[in-house]
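First to last, the protein sequences are chains A and X.
First residue of the first sequence: 50, per my numbering; consecutive thereafter.
First residue of the second sequence: 200, per my numbering; consecutive thereafter.
Everything on this sheet refers to the single structure shown next.
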Amino acid sequence: MHEVNVDLLIVGAGPAGLAAAIAAAEAGAGEIVLVDRLAELGGILQQCIHNGFGLRFFKEELTGPEYAQRFMDKLADFPQIRIKAETMVIEIAPDQRVTRVTTVNARDGLVIYNAAAIILAMGCRERPRGAINTPGTRPAGIYTAGSAQRLMNVEGFLPGRRAVILGSGDIGLIMARRLTLEGIKVEAVVELMPYSSGLTRNIVQCLDDFGIPLYVGHTVTEIVGRDRVEGVVVAPVDSTRVPDQKRAFRIDCDTLVLSVGLIPENELSLQASVLLDQATGGPVVDSDYQTSVPGIFACGNVVHVHDLVDDVSEESIVAGRSAAAFVNSRRDERDLCDRRDRRDLCDRRDASSALSFSEHRPDAFIETKAGRNIRSIVPQKLRRDRPTVLYIRVANPEQDVVISAGGLRRKLRQVTPGETVRLTVAPEHCSEELQLTVTVEKSEA
Amino acid sequence: MAHKETDVLIIGGGVTGTALARELSRYEVSVMLMEKEVDLAFGTSKANSGIVHSGIHDRPGTLKARLCVEGNRMYPQMAQELDFLYQNNGAVVVARQEDEIPALKRLMEQGQQNGVTGVRLIGRGELLALEPHLAPDLAAALVMPSGGIVIPFDLVYALAENAAANGVEIVLGTQVTDIQEEDGAFTVQATHIAGRTPRAAQAAQTIQAAQTAQTTVLPVETVRARYIVNAAGLHAGTVASMIGDDSISIHPRKGEEYLLDRRLAGFVRHTVFPLPTPVSKGILIIPTVEGNIMLGPTACATDSFDDYGTTAVGWREVFDYVRQLAPELKASDLITAFAGLRAASNHEDFIIGPSAVSQRFIHAAGMESPGLTAAPAAARLVCEHLQEAGLDLKPKKVFDPIRRVIRIRDLSASEQAQLMQQDAAYSKIVCRCEYVSEGEIRDAIRRGATTLDGVKLRTRSGMGRCQGGFCTPKIIGILSRELGLPPEKITKRGPGSPLLAGRLR
Ligand SMILES: Cc1cc2nc3c(=O)[nH]c(=O)nc-3n(C[C@H](O)[C@H](O)[C@H](O)COP(=O)(O)OP(=O)(O)OC[C@H]3O[C@@H](n4cnc5c(N)ncnc54)[C@H](O)[C@@H]3O)c2cc1C
Ligand SMILES: Cc1cc2nc3c(=O)[nH]c(=O)nc-3n(C[C@H](O)[C@H](O)[C@H](O)COP(=O)(O)OP(=O)(O)OC[C@H]3O[C@@H](n4cnc5c(N)ncnc54)[C@H](O)[C@@H]3O)c2cc1C
Chain A
50 MHEVNVDLLI
60 VGAGPAGLAA
70 AIAAAEAGAG
80 EIVLVDRLAE
90 LGGILQQCIH
100 NGFGLRFFKE
110 ELTGPEYAQR
120 FMDKLADFPQ
130 IRIKAETMVI
140 EIAPDQRVTR
150 VTTVNARDGL
160 VIYNAAAIIL
170 AMGCRERPRG
180 AINTPGTRPA
190 GIYTAGSAQR
200 LMNVEGFLPG
210 RRAVILGSGD
220 IGLIMARRLT
230 LEGIKVEAVV
240 ELMPYSSGLT
250 RNIVQCLDDF
260 GIPLYVGHTV
270 TEIVGRDRVE
280 GVVVAPVDST
290 RVPDQKRAFR
300 IDCDTLVLSV
310 GLIPENELSL
320 QASVLLDQAT
330 GGPVVDSDYQ
340 TSVPGIFACG
350 NVVHVHDLVD
360 DVSEESIVAG
370 RSAAAFVNSR
380 RDERDLCDRR
390 DRRDLCDRRD
400 ASSALSFSEH
410 RPDAFIETKA
420 GRNIRSIVPQ
430 KLRRDRPTVL
440 YIRVANPEQD
450 VVISAGGLRR
460 KLRQVTPGET
470 VRLTVAPEHC
480 SEELQLTVTV
490 EKSEA
Chain X
200 MAHKETDVLI
210 IGGGVTGTAL
220 ARELSRYEVS
230 VMLMEKEVDL
240 AFGTSKANSG
250 IVHSGIHDRP
260 GTLKARLCVE
270 GNRMYPQMAQ
280 ELDFLYQNNG
290 AVVVARQEDE
300 IPALKRLMEQ
310 GQQNGVTGVR
320 LIGRGELLAL
330 EPHLAPDLAA
340 ALVMPSGGIV
350 IPFDLVYALA
360 ENAAANGVEI
370 VLGTQVTDIQ
380 EEDGAFTVQA
390 THIAGRTPRA
400 AQAAQTIQAA
410 QTAQTTVLPV
420 ETVRARYIVN
430 AAGLHAGTVA
440 SMIGDDSISI
450 HPRKGEEYLL
460 DRRLAGFVRH
470 TVFPLPTPVS
480 KGILIIPTVE
490 GNIMLGPTAC
500 ATDSFDDYGT
510 TAVGWREVFD
520 YVRQLAPELK
530 ASDLITAFAG
540 LRAASNHEDF
550 IIGPSAVSQR
560 FIHAAGMESP
570 GLTAAPAAAR
580 LVCEHLQEAG
590 LDLKPKKVFD
600 PIRRVIRIRD
610 LSASEQAQLM
620 QQDAAYSKIV
630 CRCEYVSEGE
640 IRDAIRRGAT
650 TLDGVKLRTR
660 SGMGRCQGGF
670 CTPKIIGILS
680 RELGLPPEKI
690 TKRGPGSPLL
700 AGRLR
């Protein structure tokens, strides 16, 4: 087992890790290692072969792999970024002045990197059937949307012949179209909530155009079939989401595709004692995307589930730059130490970017606070010296509203939990001393 | 077709059959084990609570009581020899109110009569010191230090591999359909579920066959056996009736179990029982050897022999109950659920012994709980019955009791590094949740797994919090490569359960 010292290590080479690596290199972070467990870089994008990526970031409509390719092409300009593909990070342990990252791959076996800073960009995973506790049998033919998508778009296989999809977010809708185009009969899309959280454009293009029925306010109450799925029982739910078994009906199918939510993949973050936010399931971050552990940054779906990859790229650039600043300030400190051989100086950590919010005085940051109809806000801690882009998710759909963040107010025709609201707040918007409350209110008239 | 001959034919590849196979492999006799499913442990032995019971629950004088206590004592050495996942974690039975304490005391006395050692009664304070996450208002508890936990399918594979290493022939995917006794031996007819071998069985399968089930023409195999042991679990009644013995009828009783995330490792250390009811040991909080918490089982009679569905009612019953014992448990930690069928019979006790029809046909049936615990002791008892019936059991000169398996997650970092250097397959991580390498999956296939479930039960890949979302496509690929089958022929658990419907055009 050998150990390697590096300036920055990035866990995950999806759009978040890619953008962060490039931004960090541009900001002079020094030696960077970019690790991904898959053979190909690009993360989840490699299996999203549909259009709809990059409208804001590149001002054109790209497929997932095309979007990833733009960043991968740029990597070539930065020889200081070393790529470790098919390499899994299995442990992260913050140590005195470095973070120890244990990786494993077939070529090098176990390798430990001692990194001055790291960026968490592990993305998210899908909620499986067990997590929603659907009763019934456990036959072959139950796939999460991402697994089905991977089987088709990367491996080239058909998961079944007749499918029912549970969950009508954009992923569920896009899978309905994808399955249909490959000749799989999609019998229905079933949605627990009284509305689809997907984009209207996706409901039209993915369901209506193919005549696929959408059952909102319904759920799958039983999976039938001993060896392979033979059907599902679907029932309407009441306002407390309890199914009405008397009105249940059966739909014959051989495949059930689950698109019932994503969970930020934070096992490694927890190992590293990074503080998580209950509302997002991801690390609490500040305006620099630094977590509660100094030198550990995070961006992309590991922080909160994004609907748009453009937002991922945007925040990951911030994370990459901040990590570079951290590395550089640590290096300056170290140089200082080496020159003067003075330990007390090494320990005087006052370069602000080298400190985590957890080490600062409580009033150094403004804390964001969820008010009426707000589910989550990222970042959770705002710097006082410059504007920050907030990504806000509402709890319930609402029409004709005003969203406000401190003194900043914006009118919106509608908000839904499926679409994040993006707001740039500046220090002057903070009316309260230590916190910034975000709320949604009905707009008068 | 040439007849195969064997001294002993064991029908059924659950824990009862495989424990017996291993026991018999110590002796100079030929042994064949036949299992109708494409893999071992696909029946009740994979879907149970995995508890190595202490033996306090069973009525004194019964085989259940005797074999449970004996079996329990055999586990530590067996685990050392066979390297399966076992832990002597101890168990507690809790009394919720003061007025339940007399019942605890009666249970303690019953245990003592059964020969269970070390049982003691403790008060609330000591209980909470042992198990701080239990409800603070529980009144008292019994502690059974000999209680243990085991990963039951891991045990079955360990037993079978060791038996096979010592000469037992294991025939999978082959269902015994008819038995004739003549000239002091049995002629046994068996059919392959679909095709001759499990491999061919899978090759013959397509998704169309799944929809038009059981239309394949079945080849037949004939075996001559001097002795037969009926370890057919839920189907022991059917197998008995093949020799005209109608004394056994099985009435399946379903038990649902709910598995929580490993995040909760250490939530309880002991297996936590409430006071038993007249029909069952109640709904329990079970720590598993791998660090999950399991809740269950329910107990509900069913007419069906393959009704493995979980129900909303079952979940409510389990969860509402365990929350009274441990209020901190959260439904959001659920990762999966399953159900198992107890082979409850028309007899109150295990049915172990010769059939009234033929002395050379031995039943090992009605093995409901504590059948898993009792299995190694039951195997010895069956051997005694075989001897009484005239089988000469002469110990082999060479019997190797040891079986080993590589689990990289149990190795230290430097051991892992060394192993990975020798064989890079161990450094390709396939299951990220449970940390299982391609090397282990390849090993599992070479040890007999032919299906996704077979790989999963042997390696744990796909059993973690993402439930196979990430590793399933990869395992299909490895199975396909190792078995030399196209991916669309790979199944979840044998004929009728294909995972893929074909290739994209
Ligand atoms: C089906 C689907 C459709 C979508 N459609 C659109 C769309 O139309 N338009 C749009 O803008 N956005 C869309 N998105 C959203 C967008 O693609 C995601 O938000 C974005 O990919 C998230 O980027 P990420 O880098 O955070 O995560 P990911 O892309 O998931 O990348 C994370 C990477 O980390 C690696 N990793 C994780 N753990 C480890 C470890 N321990 N060791 C090594 N590597 C590790 C993974 O292998 C992966 O490559 C879609 C998403 C999905 C799932
Ligand atoms: C919910 C539940 C919880 C339990 N918890 C515990 C516990 O915690 N501790 C404990 O000690 N016990 C427990 N038990 C009991 C324990 O699981 C059983 O006693 C044990 O698994 C029985 O093993 P077996 O080999 O007899 O049966 P099985 O595992 O069912 O094996 C019988 C095998 O025979 C095969 N077969 C049937 N017919 C034929 C045929 N004609 N030809 C060829 N093969 C055939 C079947 O396919 C099957 O694989 C529990 C049971 C249940 C259901």
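Cβ atoms here follow ideal geometry from the backbone N, Cα and C, with glycine treated the same way.
Assigned secondary structure, residue i (DSSP; H/G/I helix, E/B strand, else coil)
i, result
"residue 287 of chain X", "coil"
"residue 374 of chain X", "strand"
"residue 688 of chain X", "helix"
"residue 389 of chain X", "strand"
"residue 504 of chain X", "coil"
"residue 584 of chain X", "helix"
"residue 310 of chain A", "coil"
"residue 143 of chain A", "strand"
"residue 414 of chain X", "With a pLDDT of 35 at residue 414 of chain X, under the threshold of 50, the modelled position of this residue cannot be trusted; read the value that follows with caution. Coil, per DSSP."
"residue 264 of chain A", "strand"
"residue 51 of chain A", "strand"
"residue 101 of chain A", "strand"
"residue 275 of chain X", "helix"
"residue 452 of chain X", "strand"
"residue 127 of chain A", "coil"
"residue 343 of chain X", "strand"
"residue 432 of chain A", "strand"
"residue 267 of chain X", "helix"
"residue 345 of chain A", "strand"
"residue 224 of chain A", "helix"
"residue 654 of chain X", "helix"
"residue 466 of chain A", "coil"
"residue 367 of chain A", "helix"
"residue 338 of chain A", "coil"
"residue 407 of chain A", "coil"
"residue 292 of chain X", "strand"
Residue i at chain A interface by Cβ criterion, 8 Å
i, result
"residue 495 of chain X", "no"
"residue 537 of chain X", "yes"
"residue 498 of chain X", "no"
Min CB distance residue i to chain X below 8 Å
i, result
"residue 213 of chain A", "no"
"residue 137 of chain A", "yes"
"residue 196 of chain A", "yes"
"residue 186 of chain A", "yes"
"residue 207 of chain A", "yes"
"residue 158 of chain A", "yes"
"residue 172 of chain A", "no"
"residue 193 of chain A", "yes"
Nonlocal neighbours in the same chain, by C-beta distance under 6 Å from residue i, ignoring five residues either side
i, result
"residue 282 of chain A", "270, 271, 297, 299"
"residue 246 of chain X", "537, 539"
"residue 418 of chain A", "484, 486"
"residue 434 of chain X", "none"
Chain-order list of residues whose beta-carbon lies under 7 Å from that of residue i (same chain, five-residue window excluded)
i, result
"residue 51 of chain A", "160"
"residue 268 of chain X", "254, 313, 314, 315"
Contact set for residue i: own chain, Cβ-Cβ below 8 Å, skip 5 residues either direction
i, result
"residue 207 of chain X", "223, 228, 229, 230, 231, 424, 425, 426, 427, 428, 585, 590"
"residue 218 of chain X", "358, 574, 575, 577, 578"
Task: Residue ranges of each alpha helix (DSSP H) within the segment 200–261 of chain X, 4 or longer - done: You should have 214–223.
Task: Contiguous alpha helix (DSSP H) assignments of at least 4 residues, all confined to the segment 308–336 of chain X - done: The segment 308–336 of chain X contains, as complete alpha helix (DSSP H) runs of 4+ residues, the segments 323–329 (chain order).
Open item on the list: Quick check for students: name the residue ranges of the beta strand (DSSP E) that lie wholly in the segment 482–547 of chain X, counting only runs of 3 or more.
Closed with: Entirely contained in the segment 482–547 of chain X, the beta strand (DSSP E) runs reaching 3 residues are, in chain order, 483–486, 492–495, 533–541.
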